[in-house]
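Asks: Residue numbers (the numbering used here): 258 to 397. All C-beta atoms in this analysis are idealised placements derived from N, C-alpha and C, irrespective of residue type, glycine included. A quick note: this is a predicted structure, and the numbers were derived from the prediction, not measured.
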């Protein structure tokens, strides 16, 4: 996968992560995102385009050198206008683009702060899991 394709993939991933969070939250969330890396919590990258560029810069080294395991966790809402995502790159060596740990294409693993999981939604039900599968947010 070349860098331009990976950049588009990151953009699609962020959109899917928002949908994933909305389904668990039970309500619409802002589409604008901010990012901080778990190793540098004081530095927040603001704006979706800048976040995409930052993720590509850190995760994509070359066509056959992509970090294979990257957590993207929805942490918080900022002023009800933005979603804060925390990223963490696992210590595995870079490799080619492949199916990741979550069985999704690519390196990204979606995560949510517990406050984004609505206790009234049965996230363990077959119906909920089937909805995630239909939207290609969950793979067997």
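1) Determine the contact status of residue 301 and residue 263, defining contact as a CB-CB distance below 8 Å.
2) Can you give me the C-alpha to C-alpha distance between residue 305 and residue 375, rounded to a whole angstrom?
3) Residue 368 and residue 329: beta carbons closer than 8 Å?
4) For residue 380, which three-state DSSP category applies?
5) One question on the structure: do residue 334 and residue 342 come within less than 8 Å of each other, judged by their Cβ atoms?
6) Restricting to Cα atoms, I'd like to know which of 287, 380, 393 is closest to residue 338.
7) Assuming residue 309 contacts residue 268 (C-beta within less than 8 Å), just tell me the rounded distance between them.
8) Can you tell me which of the three DSSP states residue 345 falls into?
9) Given this structure, state the Cα-to-Cα distance separating residue 316 from residue 389, to the nearest angstrom.
10) To the nearest angstrom, report how far apart residue 353 and residue 307 are at their CA atoms.
Replies: Judging by the given coordinates:
1) Contact flag unset, no.
2) C-alpha separation (whole angstroms): 25 Å.
3) Going by C-beta atoms, residue 368 is nearer than 8 Å to residue 329.
4) In the structure shown, residue 380 sits in coil (DSSP, three-state: anything other than H, G, I, E or B).
5) Taking 8 Å as the Cβ cut-off, residue 334 and residue 342 do not qualify as a contacting pair.
6) When each option's Cα is compared against that of residue 338, the closest is 287.
7) About 5 Å; that satisfies the 8 Å criterion.
8) Strand at residue 345.
9) Distance from the CA of residue 316 to the CA of residue 389, rounded to the nearest whole angstrom, comes to 26 Å.
10) Between residue 353 and residue 307, the C-alpha separation is close to 24 Å.
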